[in-house]
Amino acid sequence: MEPLSTYMRLGVVVNMVYPDLPFPEALRKIAADPFFSVAEVPPLPEEEGQVMEIAETSGLTLVYCAQPAVLVEGVNPNALENSERRRAVDLLKGHVDRARRLGVGRMAVMSGPDPGEGERERAREQLVCSLREVCDYAWGYGIEVALETFDRDVEKRALIGPTEEAVEVVERTNRANLGLLVDLSHLPLLGEDPWDAMESAGEYLLQVHVGNCVLDPSHPAYGDKHPRLGLEGGANGVEEVTEFLWALGEAGFLDPEDPPIVSLEVRPLPGEDPDLVLAGAKRMLSEAWGRVWEELL
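Take the sequence shown: its letters are residues -16 to 280, numbered as in our numbering.
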């Protein structure tokens, strides 16, 4: 059996798995683990020097996560008011500058809130305008932009949204450095399965996340909280990770000539040990890979 690393560059969303550690300390833990070759990092302007040093010394590839522009800073790239949309574009260009300083080749972004069915088409048009500007700016620095799909009805309530609509936005944006980031944990929240999502994403798929979610509103981890894989009451365990890898393989995404980034995104619940949560995710991903290897590859 070929190792996972033959067909994918394995990554992790660092601040999710170690939310309570100072970020440089968390990144060092990932950098010291040869399982990972990619680290996804949030905006940390005060710690850029340490992040760059750790990545350079360890050989880690960095991906810059600009989703906090929407989730934390509150801007809206699909805002119906042009002044608000312009503020989002300017802020995202600032994140491109930070990504450039870190030497990364890819920045992940997300849409803003869903305005509802009546204004949805206009919001998509606004998002296309914003993405064109951000992608054109990023192109000058050799940076790809990955648009991540999120739930529309549960927690994040984002415009994008269903994979088919994400593809439509990418096609209308028509920029060579724009593609999609699909997260296994978001598919159940969108009512999608891996096969349909991969078929829809097609050639536009740049990167994937492997994580979990909970669909039961009475569960303490309900929504898009990325609990550990295999959590009782969660949507994704080894069977679902196996199916996801299988769908990725059938879609031609797992390419040994140009291995794509496949990142774990898990977050410990209160009282859980993050090292054990991460170890469990690695173990489950490896088990799923073993299950699909003989049949698929």
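Backbone N, C-alpha and C define an ideal beta-carbon position, used for all residues, glycine too.
field: Extent of the continuous alpha helix (DSSP H) run through Val137
entry: Residue numbering aside, residue 137 sits at position 154 when the sequence shown is read from its first letter. No alpha helix (DSSP H) holds Val137; DSSP gives it neither H nor E.
message: With a threshold of 8 Å on Cβ separation, who are the neighbours of Asp97 within its own chain once the five nearest residues in sequence on each side are excluded?
response: Here the question's residue 97 lines up with position 114 in the sequence shown. Taken in chain order, the residues that qualify are Arg103, Ala106, Arg135, Arg140, Ala141, Leu142, Gly144.
Best match in Ser(-12), Val58, Glu175, Leu4 for proximity to Val21 [C-alpha to C-alpha]: As a position in the sequence shown, residue 21 is number 38, starting the count at 1. Among Ser(-12), Val58, Glu175, Leu4, the Cα nearest to that of Val21 belongs to Ser(-12).
field: Backbone CA spacing between Tyr1 and Arg250 [nearest angstrom]
entry: To locate residue 1, count along the sequence shown from 1; it is residue 18. To locate residue 250, count along the sequence shown from 1; it is residue 267. Roughly 7 Å separates the two Cα atoms.
task: Using a threshold of 7 Å, state whether the C-beta atoms of Val(-5) and Leu247 are closer than that.
output: Taking the first residue of the sequence shown as position 1, residue -5 is located at position 12. Taking the first residue of the sequence shown as position 1, residue 247 is located at position 264. Yes, they are a contact pair.
message: In whole angstroms, give me the CA-to-CA distance for Leu231 and Val128.
response: For this step, residue 231 is matched to residue 248 along the sequence shown. For this step, residue 128 is matched to residue 145 along the sequence shown. Distance between the alpha carbons of Leu231 and Val128: 20 Å.
Span of the alpha helix (DSSP H), counted from its first residue to its last, around Asp166: Your numbering for residue 166 matches position 183 in the sequence shown. Taken as a continuous stretch (DSSP letters only), Asp166 belongs to no alpha helix (DSSP H), being part of the beta strand (DSSP E) at 161 to 166.
task: To the nearest angstrom, report how far apart Pro253 and Asn157 are at their CA atoms.
output: Your numbering for residue 253 matches position 270 in the sequence shown. Your numbering for residue 157 matches position 174 in the sequence shown. Spanning the two alpha carbons is a distance of roughly 43 Å.
message: Could you give the first and the last residue of the continuous alpha helix (DSSP H) run that contains Gly32?
response: Taking the first residue of the sequence shown as position 1, residue 32 is located at position 49. Gly32 -> alpha helix (DSSP H) spans 31 to 41.
- prompt: By a C-beta neighbour count over all protein chains shown, 10 Å radius and 16 as the cutoff for buried, is Asn(-2) buried or exposed?
  reply: Position 15 of the sequence shown holds residue -2. By the neighbour-count rule (16 or more Cβ atoms within 10 Å), Asn(-2) is buried.
Supposed contact pair Pro177 and Phe227 - C-beta distance, whole angstroms, cut 8 Å: To locate residue 227, count along the sequence shown from 1; it is residue 244. To locate residue 177, count along the sequence shown from 1; it is residue 194. About 5 Å; that satisfies the 8 Å criterion.
message: So, for Glu138: in the same chain, excluding its five sequence neighbours on each side, which residues have a beta-carbon less than 7 Å away from its beta-carbon?
response: For the purposes of this step, residue 138 is taken as the residue at position 155 of the sequence shown. Cβ within range, chain order: Gly206, Asp207.
- request: Below 8 Å on the Cβ atoms is my guess for Ile126 versus Val191; work out the distance and round it to an integer in Å.
  value: Walking along the sequence shown from the start, residue 126 turns up at place 143. Walking along the sequence shown from the start, residue 191 turns up at place 208. Their Cβ separation, rounded to whole angstroms, is 19 Å, which puts Ile126 and Val191 out of contact at 8 Å.
Identity of the residue in Gly32, Ala234, Glu116, Ala71 nearest Ala62 by Cα: The sequence position of residue 62 within the sequence shown is 79, counting from 1. Per the Cα distances, Ala71.
- request: Figure out for me which residue from Lys265, Val34, Ala234 has the closest Cα to the Cα of Val87.
  value: Within the sequence shown, numbered from 1, the residue matching residue 87 stands at position 104. The candidate whose alpha carbon is nearest that of Val87 is Val34.
- prompt: What did DSSP end up calling Pro96 once you bin it into helix, strand or coil?
  reply: By one-based count along the sequence shown, residue 96 stands at place 113. Of the three classes helix, strand and coil, the one that applies to Pro96 here is strand, per DSSP.
message: Tell me the DSSP secondary structure of Cys196 in three-state form.
response: Locating residue 196 in the sequence shown gives position 213, counting from the first residue. Coil.
query: Of the choices Thr146, Gly123, Ala149, whose alpha-carbon is the least far from that of Asn160?
result: Position 177 of the sequence shown, counting from 1, holds the residue named residue 160. The shortest C-alpha separation from Asn160 is found at Gly123.
query: Within this structure, are the beta carbons of Leu110 and Pro171 separated by less than 7 Å?
result: Mapped onto the sequence shown, residue 110 falls at position 127. Mapped onto the sequence shown, residue 171 falls at position 188. Going by C-beta atoms, Leu110 is not nearer than 7 Å to Pro171.
- prompt: So, helix, strand or coil for Glu270, using DSSP?
  reply: The residue you call residue 270 lines up with position 287 of the sequence shown. Of the three classes helix, strand and coil, the one that applies to Glu270 here is helix, per DSSP.
task: Determine, using beta carbons only, whether Ala82 and Tyr47 come nearer to each other than 7 Å.
output: On the sequence shown, residue 82 is found 99 positions in, with the first residue counted as 1. On the sequence shown, residue 47 is found 64 positions in, with the first residue counted as 1. It is a contact, given that the beta carbons lie within the stated cut-off.
CA nearest to the CA of Val260, picked from Gly213, Gly174, Glu23: The residue given as residue 260 occupies position 277 in the sequence shown. Nearest C-alpha to Val260: Gly213.
query: Where does Glu248 sit, in a helix, a strand or coil, going by DSSP?
result: To locate residue 248, count along the sequence shown from 1; it is residue 265. Coil.
message: Taking the alpha carbon of Arg283 as the reference point, which residue from Glu108, Leu163, Asp166, Glu186 has its own alpha carbon closest?
response: A question about residue 283 goes unanswered here, because the residues of the chain that appear run from -16 up to 280.
query: Nearest to Glu23 by CA position, among Pro210, Glu64, His169, Val193, is which residue?
result: For the purposes of this step, residue 23 is taken as residue 40 along the sequence shown, with counting starting at 1. The candidate whose alpha carbon is nearest that of Glu23 is Val193.
- prompt: Just to confirm, are Pro26 and Pro7 a CB contact at a threshold of 7 Å?
  reply: The count along the sequence shown starts at 1 and reaches residue 26 at position 43. The count along the sequence shown starts at 1 and reaches residue 7 at position 24. No, they are not a contact pair.
- prompt: When you compare only the Cα positions, how much space is there between Asp166 and Glu131?
  reply: Numbered from its first residue, the sequence shown carries residue 166 at position 183. Numbered from its first residue, the sequence shown carries residue 131 at position 148. Cα-Cα distance, rounded: 8 Å.
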